[in-house]
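What follows is one structure encoded as structure tokens, with my remarks underneath.
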Amino acid sequence: MEATNARTFDTAVVGAGLAGLIAANRLADAGRSVVVFDGLGASGGRARTSLLSDHLVNQGPHALYVDGHANRILQRFGIPVEGGEPLTRGTRGLYDDRLHLLPAGPVSLLRTTLLSPVEKLAVGSLLARLPRMDPDPLDEVTLAEWIDSVTRRQAVHDLLAALMRLATYVDCPELLSAGAALRQLSMALTGGVLYLHGGWQVLVDGLTARAEAAGVVFRFDGSVTGVLGDAPHLTIRTAVEDLSARTAIVAAGSPGTAERLTGVNRLVEAAGPPARAAVLDLALDRPPEHRFVLGIDRPVYFSVHGPPARLAPDGQATASAVRYLHPDTEDASDVSRSVLDDLATTCGVDPESLLAERYLHTMTVAHGLPLAALGGLAGRPGIDAVGRPGVLLAGDWVGPDGLLADAAAASAWAAADALLVS
Ligand SMILES: Cc1cc2nc3c(=O)[nH]c(=O)nc-3n(C[C@H](O)[C@H](O)[C@H](O)COP(=O)(O)OP(=O)(O)OC[C@H]3O[C@@H](n4cnc5c(N)ncnc54)[C@H](O)[C@@H]3O)c2cc1C
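Per the numbering used here, the sequence shown starts with residue 42, numbered consecutively.
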């Protein structure tokens with residue numbers, strides 16, 4: 042197919058999720074001409090927010106790490122980031138089919154029935170030391186090995202694993218790098234997280250409007266089917282047209298898509314298994330009895346996101362129940378669904394308060410996880426893993442920095458930077 046648009050862009054960005062939007066803004070700020078493609082018909086990807094009844098819901102519960110790469114980059118772009126901290130007072134841990142006060146602070150640590158007095162001491166000292174621990178020597182150690190090395194007590198073991206799951210969204214301690222998990226938990230404990238007013242759509246809209254104002258062209262009329270040729274004469278092929286670009290950033294979500302578009306075949310294996318979750322989003326006409334419940338002996342959690350975030354009409358509540366899915370879990374949809382229904386009931390959701398619900402069976406939270414066997418974060422595929430000059434990658438499975446949206450943001454920034462110096 043001949044190029045149907047005579048214009049040659051400096052960079053074509055494939056994917057208008059957070060990674061693509063950040064890369065486009067960075068390049069446009071430096072005066073580069075940029076075209077962004079997305080087959081979904083709009084920008085945002087997994088950071089979109091939609092309506093459930095008249096409540097706002099993200100694509101599953103999303104928390105922005107205050108000290109993370111995404112927030113730092115959003116601040117740098119001047120995108121307002123406003124929200125509320127999770128209501129953790131009185132949070133509960135689900136253990137042995139009972140709700141226990143979660144040892145989330147000194148008072149609850151003393152009062153919790155989850156731990157014996159000796160275990161309370163062990164947990165108190167461990168949580169105090171955690172943010173000061175050096176994660177570097179643990180990059181090649183699995184999270185399971187590390188937890189085994191710090192405690193032999195089952196309840197402490199399970200509590201640590203649950204906190205790591207919460208911070209990383211990953212339920213795979215036998216593969217996950219302890220160094221990567223420890224960095225993430227320390228960041229969460231130190232800087233905290235925000236549930237965003239208006240949902241993550243506010244970030245998407247802010248980044249999209251900013252990019253448009255800087256001259257970025259958006260093409261939402263078809264998925265890209267190939268990034269062909271050699272830089273600086275790339276052809277970006279969609280079902281409706283061919284476009285020319287000197288360079289490209291593939292920020293299309295998954296390593297599988299990146300393989301398909303670029304013709305390389307080593308990315309899926311290098312990225313490791315995805316972190317997945319089953320999600321039940323709930324629009325409620327009043328808050329449930331419990332606002333935050335973490336599964337200690339099972340991989341689940343429940344949280345009311347609005348309030349604190351402005352997501353629901355006054356007096357009402359928006360909540361999510363999550364089941365973290367181990368890479369080997371291939372349950373039928375009704376298994377996770379009933380786990381999440383039971384969890385909502387345990388957390389005190391009154392069926393009569395339910396205005397609407399949305400069940401998402403298997404969401405890919407991150408398209409890869411930092412494997413201890415590959416050296417942790419440093420072992421993830423780099424922005425240049427395609428091996429074609431001028432064709433770079435970005436996403437939550439790319440590069441040595443951060444997890445989740447922070448990885449997407451950091452790799453997008455790094456990919457744009459690399460093109461600016463080349
Ligand atoms: C349930 C859930 C909970 C999460 N919670 C958190 C959290 O609490 N904190 C956090 O930091 N992160 C969280 N995340 C992760 C975060 O949402 C993602 O890491 C981030 O949004 C990824 O952005 P991205 O741009 O890399 O990918 P995506 O958002 O997947 O964007 C990729 C885009 O590429 C487009 N695309 C794909 N193929 C093509 C093609 N061929 N042509 C054109 N376009 C294409 C897609 O349509 C999509 O819009 C969560 C994710 C989920 C699912």
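All C-beta atoms, glycine included, are put in the ideal place defined by N, C-alpha and C.
The structure displayed is predicted, hence computed values, not measured ones.
Beta-carbon contacts of residue i that lie in its chain and below 7 Å, excluding the five residues immediately before and after
i             : result
serine 94     : Ala324, Leu396 and Ala397
threonine 303 : Val268, Val291, Val427, Arg429 and Val432
alanine 261   : A small correction: the amino acid at residue 261 is phenylalanine; alanine does not occupy that position in the sequence shown. So the qualifying residues of the chain are Asp79, Gly82 and Ala83.
alanine 229   : Tyr106 and Ala208
alanine 196   : Leu155, Leu156 and Glu160
threonine 276 : Ala44, Leu269, Gly270, Asp283 and Ser285
arginine 364  : Ala318, Ala319, Pro340, Val341, Ser377, Val380 and Leu381
Own chain, CB closer than 6 Å to residue i, minus 5 neighbours either side, in chain order
i             : result
glycine 297   : Val309
methionine 42 : Summary for methionine 42: the model assigns pLDDT 48, below 50, so the residue's position carries little reliability, and this model does not support an answer.
threonine 405 : Pro315 and Arg317
serine 74     : Phe50 and Asp51
valine 211    : Leu217, Ala316 and Leu410
cysteine 388  : Pro329, His331, Val334 and Phe343
Residue i to residue j span [Cα, whole Å]
i              : j              : result
arginine 251   : valine 76      : 14 Å
alanine 426    : arginine 170   : 36 Å
alanine 272    : alanine 57     : 21 Å
glutamate 371  : alanine 385    : 22 Å
leucine 235    : methionine 205 : 18 Å
valine 281     : glycine 263    : 7 Å
threonine 49   : proline 329    : 55 Å
valine 320     : threonine 231  : 27 Å
aspartate 199  : glutamate 215  : 14 Å
asparagine 112 : serine 394     : 34 Å
glycine 294    : alanine 47     : 28 Å
proline 348    : glycine 240    : 12 Å
tryptophan 438 : arginine 193   : 32 Å
threonine 249  : alanine 289    : 18 Å
leucine 444    : threonine 153  : 31 Å
leucine 352    : serine 227     : 28 Å
leucine 92     : glutamine 100  : 11 Å
alanine 255    : leucine 62     : 12 Å
leucine 115    : glycine 109    : 10 Å
valine 191     : cysteine 213   : 18 Å
Cβ-heavy atom distance, residue i to ligand 1, below 8 Å
i              : result
alanine 169    : no
tyrosine 210   : yes
histidine 103  : yes
serine 377     : no
tyrosine 106   : yes
aspartate 437  : yes
serine 84      : yes
asparagine 483 : Not covered by the structure: residue 483. The range shown for the chain is 42 to 463.
glutamine 242  : no
arginine 87    : yes
alanine 255    : no
serine 264     : yes
aspartate 283  : no
alanine 222    : no
methionine 205 : no
alanine 197    : It is worth fixing the name first, because residue 197 is valine in this sequence and not alanine. Result no, Cβ not under 8 Å from ligand 1.
glutamine 357  : no
asparagine 464 : Residue coverage of the chain in this structure runs from 42 to 463, which leaves residue 464 outside it and unanswerable.
methionine 40  : No information on residue 40 is available, as it lies outside the stretch 42 to 463 that the chain covers here.
leucine 445    : yes
alanine 362    : no
glutamine 100  : yes
valine 380     : no
Residue i CB to nearest heavy atom of ligand 2 below 8 Å
i            : result
aspartate 79 : As far as ligands go, the structure on display features ligand 1 and does not contain ligand 2.
Cross-strand partners of residue i (DSSP beta bridge)
i             : result
tyrosine 106  : Val234
tyrosine 342  : Leu335 and Val363
asparagine 50 : One detail in the question is off: residue 50 reads as phenylalanine in this sequence, not asparagine. Beta-bridge pairing links phenylalanine 50 to Ala286.
valine 76     : Ala53 and Val258
serine 91     : Val98
glycine 347   : Thr359
histidine 141 : Gly134
glycine 125   : Tyr236
valine 291    : Val55 and Leu434
leucine 395   : Leu325
valine 268    : Ile277
- Message: For the structure I just gave you, are there three or more beta carbon pairs, one from the segment 369 to 383 and one from the segment 182 to 194, closer than 8 Å?
- Response: Because the criterion of three Cβ pairs below 8 Å is not met, the segment 369 to 383 and the segment 182 to 194 do not touch.
- Query: Quick check: the segment 241 to 257 against the segment 85 to 92, are there 3 or more CB pairs under 8 Å?
  - Reply: Touching, yes.
- Message: Pairs of beta-carbons, one from the segment 329 to 348 and one from the segment 124 to 135, closer than 8 Å: are there three or more?
- Response: Flag = yes, the segment 329 to 348 and the segment 124 to 135 touch.
- Task: Count the CB pairs spanning the segment 58 to 69 and the segment 446 to 462 that are closer than 8 Å, and state whether there are at least three.
- Result: Yes, since at least three Cβ pairs between the segment 58 to 69 and the segment 446 to 462 fall closer than 8 Å, the two stretches touch.
- Task: Determine, using beta-carbon pairs with one atom in the segment 342 to 357 and one in the segment 403 to 418, whether at least three such pairs fall under 8 Å.
- Result: When C-beta atoms of the segment 342 to 357 are compared with those of the segment 403 to 418, fewer than three pairs fall below 8 Å, so the two segments do not count as touching.
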